[in-house]
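Comments concern the structure below.
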């Protein structure tokens, strides 16, 4: 079977949506760090839509921070790939917005030059929580990547390092203003990017800071689209539908959302023409998604794994797990979370659960549960502190933390755990369950939150943990009578 590429586009079946811009000259006005599936099903799709409208300067140069896998798959395809939207029916669309991908360790200079180039108007990131190298909400000075980049920016290892090196070069060349936009599930992600870059500028070129302060905007956005890992079944289905082989298709749900902080230094891509929303205050939108969609996803991933499920939609088929997660969000998170005036959060929660139930888009609990030691610092822990501050209810989140400790322990023993702290968790040898709770939570940064010093809350976490250990996850929910009648 022939492979998808520019030369075989004409052989596509007529019902497949192909790029309308064809051989038009595309300029890469965007450099994107993190070329995984989410980016290819989200930002790249919005850019593809702009290109289809004739906005030809918003092509993408991708940067992979570690692996050459995506680059190697897409080069023979001229960086074209299929995006399959899996709803009641499946729609297939060829995306052509990515123009090139650099693998940072192979060619750091090319990455720096791409960001420094004045044709680059926007730099975006989907590097996941661990890519921000944070501790206590600040850049972790003990992180090996940060330590390396504090020593030298010749061959950076962190995203901050590449950005700092490029901005130093851009400053020296008196280049055009540029915006750096966080597209991760991070509260105040733009501020984290700014802090990391300024840390390195102060170390290597303090004189560049003034230019950066006047010519660079660090902004945040809220991104939303369920995008699972690519399966062999998807590759097979795409080949049958296209009549061409695509080595790197990506699946996604029909729902997509992009809310962008309207804070730009250079040119602003007209993403609002293709469905994105520009707002002055992004924080409230970030918080809603983190505390409801992302928090619920993480709960279902951990508890579903403990119950023996492979996918999120299977966990939701268990009435006890579904009821627990819904009540956790409505009874614990909702009372302490401010929402936009135009939003009915109860309706939002119902919509989230409807999306999670989409069995056409199987999302593995281990994929959602990956890097959970980093994720729950954003998704759960601030909610708990807010509840304690107003003497609110927190029992569901105490149970969630107890179940998370079990998830880490079981996944570690089964060799299933995907987490940057995997080795640290493995070194916890305590057979005392209460001690294990504290050690695991401390590794995940809980000791930097108020609840960790709250004896009533921590006693409840330990109590729930012991019950889960004795009777299992579903029976524990029933035994504790935590569910509202």
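Residue numbers (my numbering): 69 to 553.
Beta carbons: idealized from backbone N, C-alpha and C, even for Gly.
- A direct Cα-Cα distance of roughly 20 Å separates residue 129 from residue 236.
- By the neighbour-count definition (other C-beta atoms within 10 Å, threshold 16), residue 93 is an exposed residue.
- Residue burial is scored here from C-beta neighbours: residue 546 has fewer than 16 other C-beta atoms within 10 angstroms and is therefore classed as exposed.
- In the assembly as shown, residue 241 is an exposed residue. Its beta-carbon has fewer than 16 other beta-carbons within 10 Å.
- Inclusion of residue 457 and residue 529 in the CB contact set at 8 Å is not warranted, their separation being larger than that value.
- Linking residue 269 to residue 279 through their CA atoms gives a straight-line distance of about 11 Å.
- Taking the C-beta atoms as reference points, residue 386 is found no nearer than 8 Å to residue 352.
- Distance from residue 477 to residue 536 at the Cβ level is roughly 11 Å; contact not present, criterion being Cβ atoms closer than 8 Å.
- Counting C-beta pairs closer than 8 Å gives three or more between the stretch 352 to 363 and the stretch 391 to 411, which meets the contact rule.
- Exclusion of the five residues before and after residue 491 leaves no residue of its chain whose Cβ lies closer than 8 Å to its Cβ.
- DSSP places residue 292 in the uninterrupted beta strand (DSSP E) bounded by 284 to 292.
- For residue 250, no alpha helix (DSSP H) segment is defined; the enclosing uninterrupted segment is the beta strand (DSSP E) at 246 to 250.
- Bridge pairing for residue 151: 161, 318 [DSSP].
- Straight-line measurement puts the Cα of residue 181 at about 17 Å from the Cα of residue 283.
- Of the residues assessed, residue 212 falls on the exposed side of the cut-off, its CB having fewer than 16 other CB atoms within 10 angstroms.
- Below 8 Å, enough C-beta pairs join the stretch 319 to 337 and the stretch 420 to 439 to call them touching: three or more.
- By the beta-carbon neighbour count (other beta carbons within 10 angstroms, threshold 16), residue 526 is buried.
- In the structure shown, residue 398 falls within a helical segment according to DSSP collapsed to helix, strand and coil.
- Cβ-Cβ separation between residue 366 and residue 443: approximately 6 Å, consistent with a contact (criterion under 8 Å).
- Excluding the 5 residues flanking it on each side, residue 454 has same chain C-beta neighbours closer than 6 Å at 404, in chain order.
- Within the model, the alpha-carbon separation for residue 518 versus residue 164 is close to 47 Å.
- The count of Cβ pairs closer than 8 Å, one atom from the stretch 290 to 301 and one from the stretch 108 to 124, reaches three, so the stretches are in contact.
- Just measuring C-alpha positions, the residue of 364, 398, 89, 85 sitting nearest residue 122 is 89.
- Inter-segment contact for the stretch 327 to 343 and the stretch 217 to 230 is absent: fewer than three beta-carbon pairs are separated by less than 8 Å.
- In the three-state DSSP reduction, residue 190 falls in the strand class (E or B).
- Considered as a whole, the stretch 369 to 441 harbours 380 to 384, 387 to 395, 413 to 424, 433 to 436 as its complete alpha helix (DSSP H) runs of no fewer than 4 residues, in chain order.
- Counting of Cβ neighbours within 10 angstroms places residue 452 among the buried residues, the total reaching 16 or more.
- By the neighbour-count criterion, in which a residue is buried when 16 or more other Cβ atoms sit within 10 angstroms of its Cβ, residue 521 is exposed.
- Judged by DSSP secondary structure, residue 326 falls within the beta strand (DSSP E) whose first and last residues are 325 to 329.
- In this structure, residue 315 keeps its C-beta atom at 8 Å or more from the C-beta atom of residue 243.
- Straight through space, the alpha carbons of residue 233 and residue 170 are spaced by roughly 16 Å.
- Annotation: residue 143 is outside any beta strand (DSSP E) and is labelled neither H nor E by DSSP.
- In the three-state scheme derived from DSSP, where H, G and I count as helix and E and B as strand, residue 332 is classed as coil.
- Here DSSP, grouped into helix, strand and coil, assigns residue 126 to strand.
- Residue 99: member of the beta strand (DSSP E) spanning 98 to 101, first to last residue.
- In this structure, the CA atom of residue 312 is about 14 Å from the CA atom of residue 83.
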